[in-house]
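Visitor: One line per chain: the protein sequences are S and C, in this order. Numbered according to full-length UniProt numbering, the first sequence terminates at residue 135, and the numbering increases by one at each position without gaps. Numbered according to full-length UniProt numbering, the second sequence terminates at residue 135, and the numbering increases by one at each position without gaps. Ideal Cβ placement from N, Cα and C applies to all residues, glycine included. All of these numbers come straight from a predicted model, not from anything done at the bench. Please find one structure pasted underneath; my questions will follow.
Number of protein chains: 2
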Amino acid sequence: MTNEEGWKDVAFNSRDPVYLQVVRLFMEKLVTGRLAAGQVIPSRRELASLLKINPNTAQKAYKEMEERRLIVTEGNAPSRVTEDAGVLRGIRAALVEEAADEFIAAVRRIGMPADELIELVRRKYDERQGGGAHD
Amino acid sequence: MTNEEGWKDVAFNSRDPVYLQVVRLFMEKLVTGRLAAGQVIPSRRELASLLKINPNTAQKAYKEMEERRLIVTEGNAPSRVTEDAGVLRGIRAALVEEAADEFIAAVRRIGMPADELIELVRRKYDERQGGGAHD
DNA sequence: GTGTGTGTACTATGTAGTTCATACACTATA
DNA sequence: TATAGTGTATGAACTACATAGTACACACAC
Chain S
1 MTNEEGWKDV AFNSRDPVYL QVVRLFMEKL VTGRLAAGQV IPSRRELASL LKINPNTAQK
61 AYKEMEERRL IVTEGNAPSR VTEDAGVLRG IRAALVEEAA DEFIAAVRRI GMPADELIEL
121 VRRKYDERQG GGAHD
Chain C
1 MTNEEGWKDV AFNSRDPVYL QVVRLFMEKL VTGRLAAGQV IPSRRELASL LKINPNTAQK
61 AYKEMEERRL IVTEGNAPSR VTEDAGVLRG IRAALVEEAA DEFIAAVRRI GMPADELIEL
121 VRRKYDERQG GGAHD
């Protein structure tokens, strides 16, 4: 049994594959320090229980994370977060890039001028938390 | 037959349903003035031919747009862009809102500070067109 | 009337992706 | 040995989507 903090009340949307949302969840935890290098993570079955998903979905997420070098698994010992500093540093950049590229591409297609864009982002950012509720 | 400009070389990603991408394509054309209020749009069959999609997919997209009041169809006359100024004005806002909310929510989860965020957006915006390749 | 072109509706099929259920191999421990 | 915990692998069920094919009602031009 590992620590069980922060795994409850996780909401998944029905638009993206659950296993990819799980991967992103781990990446966000890593970036924000709620998950440290070398730290042991829950087993597939335990995570599935915590997140109320199927163990196979958890397995698929872990396998994806292994391929991305985010976690390591030796034999049948519990998986752990990688110690590779380079990988860990890259996660933040990857998340930011992905979000920003999508956003920029969208507003470009609309032909939104830069200044209006900046103002919008600033205003939205300062707004009260919200708009995150999806499906 | 209507004008055939701007319907070629449209690339669809495999992540989102094609019919919704068609809807977004129309919204972007409306916002950027490449499609005017009241203008006649291609028939279902013609659009399907132009975009190289199935006529049923085109039909589904048009039906979706009818429900959103983006286009109108009277009898069996060719469909036209709505004249409703309020609806047309709302499209731009809707596209912007959607893109921005997603983006802001993402960077919030990462805990990215506002100033760094602004700088990133400005830099990305000025960059040469790119990063749009999905699939 | 006969074409042809509208919009619309329906069923069926194929495919891809996600999730589920189950089983297996291995290790540690009582 | 038996039990329970790991990670892993495979096949089935289910869903959403795109596509194909067909059909119908209507309007306009010839």
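Just reading off the alpha helix (DSSP H) that C/E83 is part of, what are its end residues?
Guide: Careful: C/E83 lies outside any alpha helix (DSSP H) and carries neither H nor E.
Visitor: According to the Cβ coordinates, are S/V31 and S/L95 closer than 9 Å?
Guide: For S/V31 and S/L95, yes; Cβs fall inside 9 Å.
Visitor: Applying the criterion that 16 or more other CB atoms from any shown protein chain within 10 Å of the CB defines a buried residue, is S/L20 buried or exposed?
Guide: The residue is exposed, with fewer than 16 neighbouring Cβ atoms inside 10 Å.
Visitor: In or out: S/K60 buried (at least 16 other Cβ within 10 Å) or exposed?
Guide: S/K60 should be labelled buried.
Visitor: Three-state secondary structure (DSSP) at S/V10?
Guide: In this structure, S/V10 counts as coil in the three-state DSSP scheme.
Visitor: Pick from C/I104, C/V87, C/E97 and C/R128: whose alpha carbon is nearest that of C/G38?
Guide: Residue C/V87 is the option with its Cα nearest to C/G38.
Visitor: Using Cβ-Cβ distances below 9 Å, what residues of the stretch 91-115 of chain S are close to chain C?
Guide: Those would be R92, L95, V96, E97, E98, A99, A100, D101, E102, F103, I104, A105, A106, V107, R108, R109, I110, G111, M112 and A114, in chain order.
Visitor: Along the alpha helix (DSSP H) that carries C/N56, what are the first and last residues, could you check?
Guide: Segment P55 to E67, the alpha helix (DSSP H) holding C/N56.
Visitor: Taking the alpha carbon of S/E64 as the reference point, which residue from S/R44, S/A77 and S/L51 has its own alpha carbon closest?
Guide: It is S/R44.
Visitor: Identify every residue that forms a DSSP beta bridge with C/V40.
Guide: According to DSSP, C/V40 bridges with C/R80.
Visitor: Cα separation between S/D101 and C/A85?
Guide: Cα-Cα distance, rounded: 31 Å.
Visitor: For C/L25, which residues of its own chain have a beta-carbon under 7 Å away from its beta-carbon, when the five flanking residues on both sides are left out?
Guide: Correct list, in chain order: V10.
Visitor: Output needed for C/E116: all residues of its chain with C-beta closer than 8 Å, excluding positions within five of it in sequence on either side, in chain order.
Guide: Closer than 8 Å at Cβ, skipping near neighbours: no residue.
Visitor: Measuring only the C-alpha atoms, how far is C/R80 from C/E66?
Guide: Computed Cα separation, rounded: 10 Å.
Visitor: Cutting at 7 Å between CB atoms, please list the residues of its own chain near C/Y62, excluding the five before and the five after it.
Guide: R44, I71 and S79, listed in sequence order.
Visitor: Around the C-beta of S/A114, are 16 or more other C-beta atoms found within 10 angstroms, so that it is buried, or is it exposed?
Guide: Counting Cβ neighbours within 10 Å, S/A114 comes out exposed, since fewer than 16 surround it.
Visitor: Figure out for me which residue from C/D126, C/A36, C/D16 and C/F12 has the closest Cα to the Cα of C/E83.
Guide: Checked all of C/D126, C/A36, C/D16 and C/F12; the closest Cα to C/E83 is C/A36.
Visitor: If we cut at 9 Å on Cβ distances, does S/A22 have a partner in chain C?
Guide: Checking the sequence shown, residue 22 of chain S turns out to be Val, not Ala. Judged by the 9 Å Cβ criterion, S/V22 is not in contact with chain C.
Visitor: Just to make sure I have the definition right: I need the residues of chain S whose C-beta is within less than 7 Å of the C-beta of C/E28. Which are they?
Guide: Those within 7 Å of C/E28 in chain S are R109 and I110.
Visitor: Just by C-beta distance, which residues in the stretch 63-78 of chain C are closer than 8 Å to chain S?
Guide: So nothing in the stretch comes that close.
Visitor: Contact defined as beta carbons within less than 8 Å: I believe S/V22 pairs with S/L50. What is the distance between those atoms, to the nearest angstrom?
Guide: Between S/L50 and S/V22 the Cβ distance is about 11 Å, and since that is not below 8 Å, they are no contact.
Visitor: Beta-carbon within less than 7 Å of C/I53's beta-carbon, same chain only, minus the 5 sequence neighbours each way: which residues are those?
Guide: Closer than 7 Å at Cβ, skipping near neighbours: V18.
Visitor: Residue range of the alpha helix (DSSP H) that S/E127 falls in?
Guide: Looking at the DSSP string, S/E127 is not in any alpha helix (DSSP H), and its letter there is neither H nor E.
Visitor: Straight-line CA distance for C/R128 to C/T73?
Guide: Going by the C-alpha atoms only, they are around 40 Å apart.
Visitor: Quick check on the DSSP output: the alpha helix (DSSP H) that includes residue 153 of chain C runs from which residue to which?
Guide: Outside the shown range of chain C, which is 1 to 135, sits residue 153 of chain C, and nothing can be said about it.
Visitor: CA-CA distance, S/A133 and C/G90?
Guide: Because the pLDDT at S/A133 is just 44, under 50, the model does not fix this residue reliably, and the point stays unresolved.
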